[in-house]
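> Sending over a structure as structure tokens; questions will come in a sec.
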Amino acid sequence: MSKARMYKRIVLFYAAVLSGLLLATPTYAGVQEVLQSFASAATITIPEISVPTAVDIMVPGYMQQGQSLGLYNQTEEVFVPFITGNASPVEPVSVQRIDQVDAELSALVDKRHDAHVDFEIDAASADSRVTLRYTFERPIVSDELSMSLAQYVVRPTLVSIKVGTPEGMKYVLSPVAPTGNSIVFPKTEGSVWEVTLVYKQPLRLTELAFQTEADLYMDVPIRFLAYPGRNYTLFYNPEVILDQQLGEIGDLRAAMAVQKGSIAAGQLNPLYIPADSDMDGRTDANDNCPRHANEEQEDIDENGRGDVCDDFDLDGHVNAADNCHEVPNRDQADTDTDGIGDVCDGEESRVTERYPWLVWVALGVATAVFVGLFLLAIRHREDDGDTPAANGGPAQDQPTV
Numbered sequence: 186m187s188k189a190r191m192y193k194r195i196v197l198f199y200a201a202v203l204s205g206l207l208l209a210t211p212t213y214a215g216v217q218e219v220l221q222s223f224a225s226a227a228t229i230t231i232p233e234i235s236v237p238t239a240v241d242i243m244v245p246g247y248m249q250q251g252q253s254l255g256l257y258n259q260t261e262e263v264f265v266p267f268i269t270g271n272a273s274p275v276e277p278v279s280v281q282r283i284d285q286v287d288a289e290l291s292a293l294v295d296k297r298h299d300a301h302v303d304f305e306i307d308a309a310s311a312d313s314r315v316t317l318r319y320t321f322e323r324p325i326v327s328d329e330l331s332m333s334l335a336q337y338v339v340r341p342t343l344v345s346i347k348v349g350t351p352e353g354m355k356y357v358l359s360p361v362a363p364t365g366n367s368i369v370f371p372k373t374e375g376s377v378w379e380v381t382l383v384y385k386q387p388l389r390l391t392e393l394a395f396q397t398e399a400d401l402y403m404d405v406p407i408r409f410l411a412y413p414g415r416n417y418t419l420f421y422n423p424e425v426i427l428d429q430q431l432g433e434i435g436d437l438r439a440a441m442a443v444q445k446g447s448i449a450a451g452q453l454n455p456l457y458i459p460a461d462s463d464m465d466g467r468t469d470a471n472d473n474c475p476r477h478a479n480e481e482q483e484d485i486d487e488n489g490r491g492d493v494c495d496d497f498d499l500d501g502h503v504n505a506a507d508n509c510h511e512v513p514n515r516d517q518a519d520t521d522t523d524g525i526g527d528v529c530d531g532e533e534s535r536v537t538e539r540y541p542w543l544v545w546v547a548l549g550v551a552t553a554v555f556v557g558l559f560l561l562a563i564r565h566r567e568d569d570g571d572t573p574a575a576n577g578g579p580a581q582d583q584p585t586v
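If you want this note's numbering, it's the 1-based position in the sequence shown plus 185.
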């Protein structure tokens, strides 16, 4: 084997190994992207320490409203894992869909962002809607509904809220277009609440929970491992929930020498940038298709979803990822690999298929070249045998015996 071929095989082998490792490695949003997703931030002050030490801080209830926090080591530019202490928020006994009472919706109120609930669009209607009923063991007092969205998801177009009374369900908030992830309404008391969401694009919520007075004034303790000489900031009130790349966390609950830290009043996060997931210049909240760039916001059927996010032919592929928008083709077959599905490809891009006679011309030319080379070889052989001796000419002198 030549050295060049051996080197080529080595390069291909390592390229394959590297590709496999990259595919097998979980992906996270970049640190800067996560920082930019939080609208607010607060500086943390820790006591003087000489070794890594567990530190407790009390996070005010209003900072928990976004239901997701980011504890950031400013010095080393990394997010820090932490644990949350005991708190006793008022949680509903049940959350049900009015049209599907057996639907599993506990993820909406579990205060975890690795679980979510999907609400699909109704293809037969311009507006999709769902009504959720929250039932509490005892009446709560609330004036805010907190909503957490997964990435690439647009807020509902309308939200309305009702509360149960002896006379029946009554509006406390008529349908309004949310401008943020918190929907406020007049302070109301009740044990049965209904939330109606109207949406035009598939909706994925990680949390949708009523905030009570108890939640607002309840400080929640969090504990983390602090290091000497580091500066820490707490980020809160995220627009979208992004995964943070966190290191290993020790057994903080078993820590004996725990120090008390403090947290300053919150302020606007100077790094905050409204989410624009597809980077088309339209923020997600104002983008009719946040997953696929569409700066022009074209919406030919005026259904509130950008054309690139629609599935005109109902074959399971949105237009942005469909090689034939108007004719169903689930297999996306594209024989000539020209980016146009076979079922709607009116022009064959492969030259040999477009001009089938070229194959015969090529075969004819190849045959002619082969025959020509064959005849030249014969002629050359005959010329090599055409010596003077072969034609009766004088022979070369022979040695005398």
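Note that CB positions come from ideal geometry on N, CA and C, so glycine has one too.
Taking Cβ to Cβ, would you say Pro363 is nearer than 8 Å to Arg340?
If you number the sequence shown from 1, residue 363 lands on position 178. If you number the sequence shown from 1, residue 340 lands on position 155. Yes, these two residues count as a Cβ contact at 8 Å.
> Let me know if Ala442 comes out buried or exposed under the rule of 16 or more other beta-carbons within 10 Å of its beta-carbon.
The residue given as residue 442 occupies position 257 in the sequence shown. Result: exposed.
> Identify every run of the beta strand (DSSP E) within the stretch 276 to 350, keeping only runs that are complete inside it and at least 3 residues long; order them along the chain.
279 to 282, 302 to 304, 313 to 334 and 343 to 350
> Could you please give me the residues that DSSP links to Gln396 through a beta bridge?
Here residue 396 refers to the residue found at position 211 of the sequence shown. DSSP lists Glu329 as partners of Gln396.
> Pick out whichever of Thr238, Ala450, Gln517 and Val361 has its Cα sitting closest to the Cα of Arg438.
Here residue 438 is taken as the residue at index 253 of the sequence shown, counted from 1. Of the listed residues, the one whose Cα sits closest to Arg438 is Thr238.
> Could you compute how far the alpha carbon of Val383 sits from the alpha carbon of Ser310?
As a first step, residue 383 must be located in the sequence shown, where it is residue number 198. As a first step, residue 310 must be located in the sequence shown, where it is residue number 125. Approximately 11 Å, taken between the alpha carbons.
> Hey, how far is the Cα of Pro423 from the Cα of Ser225?
Start at 1 with the first residue of the sequence shown, and residue 423 comes out as number 238. Start at 1 with the first residue of the sequence shown, and residue 225 comes out as number 40. Their backbone Cα atoms lie some 8 Å apart in a straight line.
> I think Phe420 touches Gly255, with their Cβ atoms under 8 Å apart; what is that distance to the nearest whole Å?
Mapped onto the sequence shown, residue 420 falls at position 235. Mapped onto the sequence shown, residue 255 falls at position 70. Confirmed, Cβ separation roughly 4 Å.
> Starting from Leu220, trace the alpha helix (DSSP H) in both directions and tell me its first and last residue.
Taking the first residue of the sequence shown as position 1, residue 220 is located at position 35. Segment Val216 to Ser222, the alpha helix (DSSP H) holding Leu220.
> Taking Cβ to Cβ, would you say Asn473 is nearer than 8 Å to Gln482?
Taking the sequence shown and counting its residues from 1, the one referred to as residue 473 is at position 288. Taking the sequence shown and counting its residues from 1, the one referred to as residue 482 is at position 297. It is a contact, given that the beta carbons lie within the stated cut-off.
> List the DSSP bridge partners of Val244.
Counted from its first residue, the sequence shown places residue 244 at position 59. Answer is Val405.
> For chain D, find out if any of its Cβ atoms is closer than 8 Å to the Cβ of Ala562; answer yes or no.
Included in the structure is just one protein chain, with no chain D present.
> In the DSSP assignment, the beta strand (DSSP E) including Tyr384 goes from what residue to what residue?
Within the sequence shown, the letter at position 199 stands for residue 384. Its beta strand (DSSP E) spans residues Ser367 to Tyr384.
> Please report the distance separating the alpha-carbon of Asn508 from that of Asp463.
In the sequence shown, residue 508 corresponds to position 323, counting from 1. In the sequence shown, residue 463 corresponds to position 278, counting from 1. Answer to the nearest angstrom: the Cα atoms are 20 Å apart.
> Rounded to the nearest angstrom, what separates Ile268 and Ala440 at their Cα positions?
Here residue 268 refers to the residue found at position 83 of the sequence shown. Here residue 440 refers to the residue found at position 255 of the sequence shown. Going by the C-alpha atoms only, they are around 12 Å apart.
> In the DSSP assignment, what are the bridge partners of Tyr421?
Along the sequence shown, one-based indexing puts residue 421 at 236. Answer by DSSP bridge pairing, in chain order: Ser225.
> By how many angstroms is the C-alpha of Tyr412 removed from the C-alpha of Val302?
Position 117 of the sequence shown, counted from the first residue, corresponds to residue 302. Position 227 of the sequence shown, counted from the first residue, corresponds to residue 412. Between Val302 and Tyr412, the C-alpha separation is close to 38 Å.
> Report the rounded CA-to-CA distance for His510 versus Asn416, giving the unit in angstroms.
In the sequence shown, counting from the first residue as 1, residue 510 sits at position 325. In the sequence shown, counting from the first residue as 1, residue 416 sits at position 231. Taking the straight line joining both Cα atoms gives about 53 Å.
> Beta strand (DSSP E) containing Thr269: first to last residue?
Within the sequence shown, numbered from 1, the residue matching residue 269 stands at position 84. Unbroken beta strand (DSSP E) run through Thr269: Phe267 to Thr269.
> Counting C-beta neighbours from all protein chains within 10 Å, is the total for Ser359 16 or more, i.e. buried, or is it exposed?
The sequence position of residue 359 within the sequence shown is 174, counting from 1. Its Cβ having fewer than 16 others within 10 Å, Ser359 is exposed.
> Where do the ends of the beta strand (DSSP E) carrying Asn258 lie?
Within the sequence shown, residue 258 is the residue found at index 73, counting from 1. Unbroken beta strand (DSSP E) run through Asn258: Gly255 to Asn258.
> Taking 8 Å as the cut-off, decide whether the C-beta atoms of Phe264 and Gln452 are in contact.
Looking up residue 264 in the sequence shown gives position 79. Looking up residue 452 in the sequence shown gives position 267. Cβ distance not < 8 Å, so Phe264 and Gln452 don't count as in contact.
> Would you tell me roughly how many angstroms separate the C-alpha atoms of Met381 and Pro406, rounded to the nearest one?
Numbered from its first residue, the sequence shown carries residue 381 at position 196. Numbered from its first residue, the sequence shown carries residue 406 at position 221. Per the sequence shown, the amino acid found at residue 381 is Thr instead of Met. Near 33 Å, if we compare the C-alpha coordinates of Pro406 and Thr381.
> Is Asp492 near Asn504, with beta carbons less than 8 Å apart?
Stepping through the sequence shown from its first residue, residue 492 is reached at position 307. Stepping through the sequence shown from its first residue, residue 504 is reached at position 319. Cβ atoms of Asp492 and Asn504: closer than 8 Å.
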